[in-house]
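2 protein chains.
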Amino acid sequence: MATIQDVAKAAKVSVATVSRVLNNSPSVSEKKQQVVMRAIQELNYQPNLLGRNLRRTETKMILVLVPTIFNTFYAKVVKGIEDIGNENGYNVMLCNTYAEKNREQVFLKQLKNRLVDGIIFMATGLSKEALNEINQHFPIVQCCEYIKGANLSRISIDNYAAAYKAVTHLIRQGRKRIAMISSLNKLASTVEREAGYKKALENAGIAIEPDIILPGDYGFKSGLRAARQLLTKEFNIDGIFAISDMMAIGAMKTIKENGLSVPEDIAVVGFDDIRYTSMCEPQLTTISQPQYDLGCGAMTLLLKRIQNEKADIEHIVLEHELMIRGSTVI
Amino acid sequence: MATIQDVAKAAKVSVATVSRVLNNSPSVSEKKQQVVMRAIQELNYQPNLLGRNLRRTETKMILVLVPTIFNTFYAKVVKGIEDIGNENGYNVMLCNTYAEKNREQVFLKQLKNRLVDGIIFMATGLSKEALNEINQHFPIVQCCEYIKGANLSRISIDNYAAAYKAVTHLIRQGRKRIAMISSLNKLASTVEREAGYKKALENAGIAIEPDIILPGDYGFKSGLRAARQLLTKEFNIDGIFAISDMMAIGAMKTIKENGLSVPEDIAVVGFDDIRYTSMCEPQLTTISQPQYDLGCGAMTLLLKRIQNEKADIEHIVLEHELMIRGSTVI
DNA sequence: TTGTATGCGTTATCAC
DNA sequence: GTGATAACGCATACAA
Numbered sequence: 012m013a014t015i016q017d018v019a020k021a022a023k024v025s026v027a028t029v030s031r032v033l034n035n036s037p038s039v040s041e042k043k044q045q046v047v048m049r050a051i052q053e054l055n056y057q058p059n060l061l062g063r064n065l066r067r068t069e070t071k072m073i074l075v076l077v078p079t080i081f082n083t084f085y086a087k088v089v090k091g092i093e094d095i096g097n098e099n100g101y102n103v104m105l106c107n108t109y110a111e112k113n114r115e116q117v118f119l120k121q122l123k124n125r126l127v128d129g130i131i132f133m134a135t136g137l138s139k140e141a142l143n144e145i146n147q148h149f150p151i152v153q154c155c156e157y158i159k160g161a162n163l164s165r166i167s168i169d170n171y172a173a174a175y176k177a178v179t180h181l182i183r184q185g186r187k188r189i190a191m192i193s194s195l196n197k198l199a200s201t202v203e204r205e206a207g208y209k210k211a212l213e214n215a216g217i218a219i220e221p222d223i224i225l226p227g228d229y230g231f232k233s234g235l236r237a238a239r240q241l242l243t244k245e246f247n248i249d250g251i252f253a254i255s256d257m258m259a260i261g262a263m264k265t266i267k268e269n270g271l272s273v274p275e276d277i278a279v280v281g282f283d284d285i286r287y288t289s290m291c292e293p294q295l296t297t298i299s300q301p302q303y304d305l306g307c308g309a310m311t312l313l314l315k316r317i318q319n320e321k322a323d324i325e326h327i328v329l330e331h332e333l334m335i336r337g338s339t340v341i
Numbered sequence: 012m013a014t015i016q017d018v019a020k021a022a023k024v025s026v027a028t029v030s031r032v033l034n035n036s037p038s039v040s041e042k043k044q045q046v047v048m049r050a051i052q053e054l055n056y057q058p059n060l061l062g063r064n065l066r067r068t069e070t071k072m073i074l075v076l077v078p079t080i081f082n083t084f085y086a087k088v089v090k091g092i093e094d095i096g097n098e099n100g101y102n103v104m105l106c107n108t109y110a111e112k113n114r115e116q117v118f119l120k121q122l123k124n125r126l127v128d129g130i131i132f133m134a135t136g137l138s139k140e141a142l143n144e145i146n147q148h149f150p151i152v153q154c155c156e157y158i159k160g161a162n163l164s165r166i167s168i169d170n171y172a173a174a175y176k177a178v179t180h181l182i183r184q185g186r187k188r189i190a191m192i193s194s195l196n197k198l199a200s201t202v203e204r205e206a207g208y209k210k211a212l213e214n215a216g217i218a219i220e221p222d223i224i225l226p227g228d229y230g231f232k233s234g235l236r237a238a239r240q241l242l243t244k245e246f247n248i249d250g251i252f253a254i255s256d257m258m259a260i261g262a263m264k265t266i267k268e269n270g271l272s273v274p275e276d277i278a279v280v281g282f283d284d285i286r287y288t289s290m291c292e293p294q295l296t297t298i299s300q301p302q303y304d305l306g307c308g309a310m311t312l313l314l315k316r317i318q319n320e321k322a323d324i325e326h327i328v329l330e331h332e333l334m335i336r337g338s339t340v341i
């Protein structure tokens, strides 16, 4: 494997000159330029960027930590991150954490060990104290999901307002006994969505019943399960608000299997507007997040942080949209 | 940011000793060990792995190139790759190529520039000549999709046999006019699946009609579109074999929208057994690939290649399974 | 414009 | 068991 030394020798110049050619410095004669280029070609030389990175103390690589790519919600967000990253000369790589703390630590180590220049968290199990500590020394940013109170830049939608809007929509459709399929986790999004749900009921003069707020894990099966519970017992619900589309789709399946129909008997609203919302029958009413823009924004925030350690901490909130489809409107 | 030098100074030992502690070499006294550890703690020292990697000419990072994480088929494969990789001390990162050649080149550059130790291709736009050239100098492996004739290790199922089995199943269910939703690409899998489809028809004495072999792009919408074509014209089909589940699900939707029913009027078979196959109505009959094992196998092959440049080239074929569900059986 | 020499942060090879 | 010190491959301040 040829090194810069070999090229220098072959071109009969110093390594400095070769380096200059590689980084196309203006101060190198046309002639030497050519000679060096030829040598590079002939030796099939590939610069070892480990050397360069060590020297420059940067790698131009950034990591995106996502719980799991099984959740297609992240795909568009990642595209936004990639596009802005690439425009600025950064390579973006994805890492699955599977919501496991030690896996998160492994990738965090890559940051601390200077193997990557920054990390975007799509969700994290770290405490706000831990995040603050890391952010003091290394560039990190939160995207979509975030830990409340952590003192670092983030971008997301207003989950409270979104849930409020979704539930109010159900109420306007005449629904009065609206269940929620939520989660046991303490993510900011969960807390805010529950708060928005409750506020909407309260504003409409509907009593909140803890019994019809069930936990799920965002997945299809947990939607099936939750709906089954809601139907077996005598809750007599006529609406469901789920904090993920997959759970909403699972709930619809259970409802139909029980001989009831959506939206006539029970209207259903999901969250995220993943692709499958328009594939199911009926199509799912849901909250659409501006995924691509969230990604772009996150990368922009990270770049600011990388370029300027003392960059202002920003909390950006993007607009969401209620996509009204067949699952709530007869 | 503290370096190994700082630690050495603080602990009043040489950098060599610190390095030994870091790599827990046995030949270092209990006492010094402790002193060094304390210094590391106090300085909050994080080794800069760029230095280590430069020295060792390895990074313990490997890249998985996937066309797009929008396709959930890859999720389980990636899990297999990660598990075997992690067991062996490697960090696995995902890169989206979006089937764009230049994006593929960018990540390939990371390999050539020694920023990563190897690459697993889940699909590639490179020619077999290009792949052979790369494989001569750097560890690469193909997984699931592959370029025929490329002289490097790969792992996949037998796409020919799988398609043959799927179509034969339709025939056994009494179907006689079976359409195929395929692709215009020239991937080995496509070619082989088409061949298997034709062979099955031929064996059953059914004539092959090029008119009912339509192209798609693996996505839901192209499934909708293809089915629409098949239904408008007077093809009178009673079965569809699609080379992706998403297209099969799209086709089912079109069929139902046209007042026909699955499987009574038209039976449908997909390919891959992604999660959504059991979420749709009726559930989709499909070919299940051993995704996790494919991932494990790919990583194992890559490790062999990394550890021994002259490792034998292997072409591993894993078993597939026809998952018979409601979309083909009344 | 070009070359020399030094340093980036490690690990590894020697001596001792 | 420990410490100097020379690499690893590159970029760059400084001299020329």
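So the sequences go chain by chain: H and X. Residue numbering for the first sequence follows this note's numbering, starting at 12 and increasing by one per position. Residue numbering for the second sequence follows this note's numbering, starting at 12 and increasing by one per position. The C-beta atom is built at its ideal place from N, Cα and C for all residues, glycine as well.
Buried or exposed (CB count within 10 angstroms, at least 16 for buried), residue i
i, result
"serine 40/X", "exposed"
"valine 340/H", "exposed"
"glutamate 275/X", "exposed"
"threonine 68/X", "exposed"
"valine 328/X", "exposed"
"glutamine 121/X", "buried"
"threonine 326/H", "The residue you asked about is not threonine; residue 326/H is histidine in the sequence shown. Exposed, since its Cβ has fewer than 16 Cβ neighbours within 10 Å."
"alanine 218/H", "exposed"
"threonine 108/X", "buried"
"aspartate 323/H", "exposed"
"arginine 186/X", "buried"
Helix, strand or coil at residue i according to DSSP, with G and I counted as helix
i, result
"methionine 263/X", "helix"
"phenylalanine 81/X", "coil"
"valine 29/H", "helix"
"phenylalanine 246/X", "coil"
"valine 273/X", "coil"
"phenylalanine 252/X", "strand"
"methionine 334/X", "strand"
"isoleucine 223/H", "helix"
"glutamine 116/H", "helix"
"alanine 141/X", "helix"
"methionine 133/H", "coil"
"valine 18/H", "helix"
"threonine 296/H", "strand"
Closest residue to residue i among the options (Cα-Cα distance)
i, options, result
"isoleucine 317/X", "Ile73/X, Ala262/X, Asn59/X", "Ile73/X"
"glutamate 332/X", "Leu312/X, Asn319/X, Gln300/X", "Gln300/X"
"isoleucine 223/H", "Thr14/H, Gly308/H, Ala110/H, Ile248/H", "Ile248/H"
"tyrosine 20/X", "Pro37/X, Ile335/X, Asn34/X, Glu53/X", "Contrary to the premise, residue 20/X reads as lysine rather than tyrosine in this sequence. Looking at the Cα atoms, Glu53/X is the closest of the given residues."
"leucine 305/X", "Arg31/X, Ala215/X, Gly91/X", "Gly91/X"
"lysine 23/X", "Gln44/X, Asn34/X, Ser38/X, Pro37/X", "Gln44/X"
"arginine 165/X", "Ala177/X, Lys315/X, Ala309/X", "Ala309/X"
"glutamine 147/H", "Met334/H, Ser338/H, Asn319/H, Gly337/H", "Asn319/H"
"glutamate 292/X", "Val280/H, Leu314/H, Thr311/H, Thr265/H", "Thr265/H"
"asparagine 113/H", "Ile335/H, Phe282/H, Pro78/H, Glu156/H", "Pro78/H"
"alanine 278/X", "Ile145/X, Lys267/X, Asp284/X", "Lys267/X"
"isoleucine 192/X", "Arg183/X, Gln184/X, Val202/X", "Val202/X"
"lysine 197/H", "Gly227/H, Arg183/H, Tyr175/H, Ala211/H", "Gly227/H"
Cα-Cα separation between residue i and residue j, rounded to whole angstroms
i, j, result
"cysteine 106/H", "leucine 76/H", "5 Å"
"serine 194/H", "glutamate 330/H", "23 Å"
"isoleucine 130/H", "valine 18/H", "36 Å"
"proline 37/X", "asparagine 170/X", "51 Å"
"methionine 12/H", "arginine 66/X", "15 Å"
"tyrosine 157/X", "threonine 297/H", "39 Å"
"arginine 63/H", "threonine 179/H", "57 Å"
"isoleucine 254/X", "glutamate 140/H", "49 Å"
"alanine 134/H", "aspartate 284/X", "28 Å"
"phenylalanine 252/H", "alanine 177/H", "7 Å"
Residues in the stretch 49 to 77 of chain X with C-beta within 7 Å of chain H's C-beta atoms, listed in sequence order?
Gln57, Pro58, Asn59, Leu60, Leu61, Gly62, Asn64, Leu65
Taking any Cβ of chain X, which residues in the stretch 86 to 118 of chain H have a Cβ under 9 Å from it, in chain order?
Ala86, Lys87, Val89, Lys90, Glu93, Asn97, Asn102, Val103, Met104, Leu105, Cys106, Asn107, Tyr109, Arg114, Val117, Phe118
Residues in the stretch 256 to 268 of chain X with C-beta within 8 Å of chain H's C-beta atoms, listed in sequence order?
Ile260, Gly261, Lys264, Lys267
Where the stretch 278 to 296 of chain X meets chain H: residues whose CB sits under 8 Å from a CB there:
Arg286, Tyr287, Met290, Cys291, Glu292
Taking a cut of 8 Å between CB atoms, which residues from the stretch 122 to 137 of chain H lie near chain X?
Lys123, Asn124, Arg125, Leu126
Using a Cβ-Cβ cutoff of 7 Å, what residues of the stretch 23 to 52 of chain H are near chain X? List them in chain order.
none
Below 7 Å between beta carbons is the criterion; list the residues of the stretch 223 to 244 of chain H that meet it against any residue of chain X, in chain order.
Phe231
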